[in-house]
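Student:
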Amino acid sequence: MYEFRLKTQSMPPYMNDVQEVVRAFSPYIVINDSADALLEIGTFVSEKGFYFFADCFSGREEYRLPSEGESDDPIEFKRRAKSAAKGYLYSYCNKLTGISLPYGSLTGVRPTAVYYRSIGSYSNIKEHLIKDYRVEPARAELIERVVRSQSGLINRDPLRADVFANIPICPTRCSYCSFISAEYPRVRKLVPAYVEALSGDIESIRHEISEKGYSVGAVYVGGGTPTTLDEEMLSKILPRLNFGTEFTVEAGRPDTVTESKLAVMKASGVTRVSVNPQTFSDETLSRIGRRHTASDFYRAFELARSFGFDINVDLIAGLPGEDFSDFVRSLDIAVGLRPENLTVHSLSLKRGAILKEGGASRRMDGTVKRMCDHSIDKLISAGYEPYYMYRQKNIADGLENVGYALNGKQCRYNIDYMEETTTVLSAGAGAVTKYVYGDEGRIERKSHAKGFEEYLRRAAERTKE
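In our numbering, the protein residues as written are 659 to 1123.
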């Protein structure tokens, strides 16, 4: 392990995230403001051109970057220069530690973004990812398969919008969760007011859709666990969100799923539900605070299937105490159930999660990578195709989260949201509306209050106006 103070010198604003490459090597490289050793990175201009440098006790290395005069497009110049700087810094850290990362110098949330940007510029984009971004071949292949699965499903119509409603309430808090979600016992008395405030938000969205002439592509109700609410409360919210299109509701905690709640969903036009075991080990479920059993999941899954919903199932690779065989067992069971969607998450230790606050460290020993490598082979051979993906900071083994679907069963909302191609009109505490202006290459965000109580306070103030 190497521990450094990190200093940047003369870094242009558009390169402000280059240093994330260093952080991606944690725990092999740790950034500590009080460390004795210094790692300095930066840029400089000389008569020979525009350069990036990295310097620590192993020595200084300098790398020539693309110069502004080499491109007629200033945006393209900045993109190329930043990509080159990240690639050089990755090589420097790789040489220092001897460690290779699955995604090389890619540090963003959406690995597919680079692929889409490269269409028309490279005849073999997979090789471009491997050569220029140091992405390992298996991950470059995964990115390409995701893009291929999205073919015909990417919709850039500026008058198309998705709708998202957030219900940030759960029965209990899972130890890996960092979402801003309240435990139901703590906010029980406030829930009726939240339902009213959310309903008001949804009506405002309906008005905006009518006023601007949007057509709704997909609806998603997430959280939290929306099915923590009872049937009466769900029946006040869900019918307002029925636009006659793909309509997904998170029912992620099997212990919240009942026949009567599913009946309300069906009557409200819901087409897809998420029922998430995360693992089929009762011991692990107890360890991570889920407070349900694998048997509860089977019951909920069969109930959802009896109503004819498409079903999303989530598994997490790298849960505390689980080894490769534990994950393989869970994956085999999940595949055997044949849900329409199956998402494999690599455990990410994020700020605010109980595991993180308890001192758990990011797993980088290759075990989770072995799990995810196996899941790619297993799911593709079982007839599933990867169709959306994203990455998070502090994710185990530097990996990814990948959603797989049976043929024709991709969740359109997941594609729209992850690829940021469609405006998303959002309601509820912590929800963020994203207006996508594709022709201008920009996204405008509008956020609701994050905290449960603050959201209600602002909703009350609007009512008085």
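C-beta: ideal position from N, C-alpha, C; glycine also.
Could you check if F702 is buried or exposed, using at least 16 other CB atoms within 10 Å of its CB as the buried criterion?
Tutor: That one is exposed.
Student: Determine the contact status of V676 and K744, defining contact as a CB-CB distance below 8 Å.
Tutor: For V676 and K744, yes; Cβs fall inside 8 Å.
Student: Is it true that the CB of F938 sits closer than 8 Å to the CB of R987?
Tutor: Yes, the pair counts as a contact, with Cβ atoms nearer than the cut-off.
Student: Please determine, among L1007, D731 and S918, the residue with the shortest C-alpha to C-alpha distance to S964.
Tutor: Cα-wise, what sits closest to S964 is S918.
Student: Could you pull out every residue in the same chain whose Cβ sits closer than 7 Å to the Cβ of Y1042, ignoring the five residues on either side in sequence?
Tutor: Once the five neighbours on either side are set aside, the close Cβ partners of Y1042 are L1000, Y1062, A1063 and L1064.
Student: Where does Y674 land, buried or exposed, given buried means 16+ other C-beta within 10 angstroms?
Tutor: The question names Tyr, yet the displayed sequence has Asn at residue 674. When all chains shown are included, N674 counts as exposed.
Student: From A958 to Y1093, what distance separates their C-alpha atoms?
Tutor: Straight-line Cα distance between these residues: approximately 36 Å.
Student: With 16 as the cutoff for other CB atoms within 10 Å, does L1005 come out buried or exposed?
Tutor: Flag for L1005 reads buried.
Student: In its own chain, which residues sit with a C-beta less than 7 Å from the C-beta of C1030, not counting the 5 before and 5 after it?
Tutor: Around C1030: A975, V1002, S1004 and L1057.
Student: Using three-state DSSP, classify R1100 as helix, strand or coil.
Tutor: DSSP places R1100 in strand when its eight states are reduced to three.
Student: Looking only at DSSP bridge pairs, what is Y1048 linked to?
Tutor: N1059, per the DSSP bridge assignment.
Student: Can you look up Y709 in the DSSP assignment and give me helix, strand or coil?
Tutor: Reduced to three states, the DSSP call for Y709 is strand.
Student: Return the chain-ordered list of same chain residues with a C-beta closer than 8 Å to the C-beta of R864, the five sequence neighbours on each side being excluded.
Tutor: R898, listed in sequence order.
Student: Go to A975, then tell me how far its beta strand (DSSP E) extends in each direction, as first and last residue.
Tutor: Start and end: D968 to A975.
Student: When the Cα atoms are used, what is the spatial distance from G1099 to I1073?
Tutor: Each residue's alpha carbon lies about 18 Å from the other.
Student: Should I1053 go down as buried or exposed, given a rule of 16 or more other Cβ atoms within 10 Å for buried?
Tutor: Result: buried.
Student: R1028 and G979: beta carbons closer than 8 Å?
Tutor: No, the pair does not count as a contact, with Cβ atoms beyond the cut-off.
Student: Using the Cα positions of R829 and T883, report the straight-line distance between them to the nearest angstrom.
Tutor: With the sequence shown as reference, residue 829 is identified as Pro, and Arg is not the correct amino acid for it. When rounded, the distance between both Cα atoms is 8 Å.
Student: Name the residue from V874, F982, K784 and D694 whose alpha carbon lies nearest to the alpha carbon of V1082.
Tutor: Nearest of V874, F982, K784 and D694 to V1082, Cα basis: V874.
Student: Which one or two residues does DSSP pair with D820 in a beta bridge?
Tutor: According to DSSP, which records beta bridges pairwise, D820 is partnered with V1082.
Student: Pull up the distance between the alpha-carbon of E678 and that of L764, whole angstroms please.
Tutor: So the two alpha carbons sit approximately 9 Å from each other.
Student: Our contact map puts V772 next to V821 with C-beta atoms below 8 Å; I'd like the distance itself, whole angstroms only.
Tutor: 29 Å between Cβ atoms; not a contact.
Student: For R718, which residues of its own chain have a beta-carbon under 8 Å away from its beta-carbon, when the five flanking residues on both sides are left out?
Tutor: Contacts found: F711 and A712.
Student: Quick check on DSSP: helix, strand or coil for G994?
Tutor: G994 falls in the helix class under three-state DSSP.
Student: Taking the beta strand (DSSP E) that F905 falls in, what are its first and last residues?
Tutor: It spans E904 to E908 - the beta strand (DSSP E) in which F905 sits, taken as one unbroken run.
Student: Which residue or residues does DSSP assign as beta-bridge partners of K1092?
Tutor: Its beta-bridge partners are V1082 and R1103.
Student: Only counting the same chain, and skipping five residues up and downstream in sequence, which positions put a Cβ closer than 8 Å to that of A962?
Tutor: Here the set comprises A909, V915, L920, V931, V933 and I969.
Student: Return the bridge partner residues of C714 from the DSSP annotation.
Tutor: According to DSSP, C714 bridges with G717.
Student: So within the region 718 to 799, which uninterrupted beta strand (DSSP E) runs reach at least 3 residues, ignoring any that extend past its ends?
Tutor: You should have found no qualifying run.
Student: Taking 8 Å as the cut-off, decide whether the C-beta atoms of Y748 and L817 are in contact.
Tutor: Not a contact, by the Cβ cut-off of 8 Å.
Student: With DSSP as the reference, label L989 as helix, strand or coil.
Tutor: Note: L989 maps to helix in three-state DSSP.
Student: Let me see if you follow: with CB-CB separation under 8 Å, is S862 close to chain B or not?
Tutor: Structure shown: chain B not included; a single protein chain is present.
Student: Suppose contacts are defined by Cβ-Cβ distances below 8 Å. Is A823 in contact with A1085 by that definition?
Tutor: Taking 8 Å as the Cβ cut-off, A823 and A1085 qualify as a contacting pair.
Student: On the DSSP bridge list, what partners appear for I860?
Tutor: Beta-bridge pairing links I860 to no other residue.
Student: Closer than 8 Å is the cut-off here; do at least three beta carbon pairs connect the region 1033 to 1047 with the region 1005 to 1021?
Tutor: Contact between the region 1033 to 1047 and the region 1005 to 1021 is absent, because fewer than three Cβ pairs lie under 8 Å.
Student: Using a Cβ-Cβ cutoff of less than 8 Å, which residues in the same chain neighbour Y1113 once the five nearest sequence positions on both sides are dropped?
Tutor: For Y1113, where only same-chain residues beyond five positions count, the Cβ hits under 8 Å are Y852, A855, G1086, A1087, G1088, H1106 and A1107.
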